[in-house]
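Under UniProt numbering, the first residue of the sequence shown is numbered 1, with each subsequent residue one higher. Heads up: the structure comes next, in structure tokens.
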Amino acid sequence: MSQNALSSAFSSCVRKSGKAKPKERLEKPIPQLKGIVTRLASRQGFQLQLQPDGTIDGTKEDDAAYAVFNLIPVGLRVVAIQGVQTKLYLAMNCEGFLYTSEHFTAECKFKESVFENYYVTYSSMLYRQQASGRSWYLGLNKEGAVMKGNHVKKNKAAAHFIPKPLKVAMYREPSLHDLTELSRSSSGTPTKSRSASALLNGGKSASNDDLS
């Protein structure tokens, strides 16, 4: 073999062996959201609780197991409220009924606002009063029963809660699921649910007989 041919072959070997190995794909880190594990104390004298059968109500037991929630930030001053024991999400449908959901949907998003008296209110991000634009709120009455969101006024005790944080926790971002055709009301009765685009009370006017 001539000197030139030998040199060419050697250069080719160097080029081939000098190829960089393809970089391994790095897995994207799972988004981490800093939230709190907390109890939600109502101004009515109850703690909000979410039981395994889907019942949402208030309890006066200080250490009630089903009154502990994951408060997960899913937007700017927007939270998902999930029972620690049941793993169910609190949700509000287009009729103002509170219900529980195994999956995180748009109906599970609540705006968290600090009221002027330092109590906190939670209102549906999806539904509100059609005529006035008034928000629909999570609320408990004087008997500790859950109320329809369109019957709760933000300046009444029914809507006022104080978070009682137990610890700070890191959460994975919940996967947003489409709204299902049927959603359970707070009474456990299946009610027809509208699409996520039906923002203003499902296109219907709500009663003006708001309860305190």
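Ideal Cβ placement from N, Cα and C applies to all residues, glycine included.
Pick from the options that is closest to residue i, judged by C-alpha positions
i           : options           : result
residue 105 : 41, 120, 93       : 93
residue 41  : 95, 118, 102, 32  : 118
residue 111 : 71, 95, 132, 102  : 71
residue 88  : 162, 50, 61, 76   : 50
residue 52  : 166, 90, 179, 86  : 86
residue 116 : 177, 161, 34      : 161
residue 176 : 103, 90, 35, 34   : 103
residue 91  : 54, 165, 172, 163 : 54
residue 95  : 62, 126, 164      : 126
residue 76  : 172, 113, 62, 165 : 113
Contact belief for residue i with residue j at Cβ below 8 Å, rounded distance in angstroms
i           : j           : result
residue 100 : residue 30  : 25 Å between Cβ atoms; not a contact.
residue 141 : residue 147 : 6 Å
residue 78  : residue 174 : About 12 Å; that fails the 8 Å criterion.
residue 145 : residue 108 : No, residue 145 and residue 108 are not in contact; Cβ-Cβ is about 21 Å, not under 8 Å.
Range covered by the beta strand (DSSP E) that runs through residue i
i           : result
residue 81  : 78-83
residue 101 : 98-101
residue 39  : 32-42
residue 156 : First-last for residue 156: undefined, no H or E at that position.
residue 178 : Residue 178 -> no beta strand (DSSP E), and no H or E assigned at all.
residue 141 : Residue 141 -> no beta strand (DSSP E), and no H or E assigned at all.
residue 128 : 120-128
residue 75  : 69-75
residue 50  : 47-50
residue 114 : 110-114
residue 59  : 56-59
residue 89  : 89-92
Close beta carbons around residue i, own chain, < 7 Å, minus the five adjacent residues each side
i           : result
residue 137 : 121, 122, 123, 149, 152, 154, 159
residue 47  : 39, 40, 41, 58, 59, 64, 67
residue 134 : 128
residue 35  : 70, 71, 72, 73, 169, 171
residue 164 : 38, 39, 41
Spatial neighbours of residue i in its chain, beta-carbon cut-off 6 Å, leaving aside the 5 residues before and after
i           : result
residue 44  : 140, 142, 157
residue 167 : 37
residue 32  : 170
residue 82  : 70, 89
Nonlocal neighbours in the same chain, by C-beta distance under 8 Å from residue i, ignoring five residues either side
i          : result
residue 84 : 37, 68, 69, 70
residue 62 : 47
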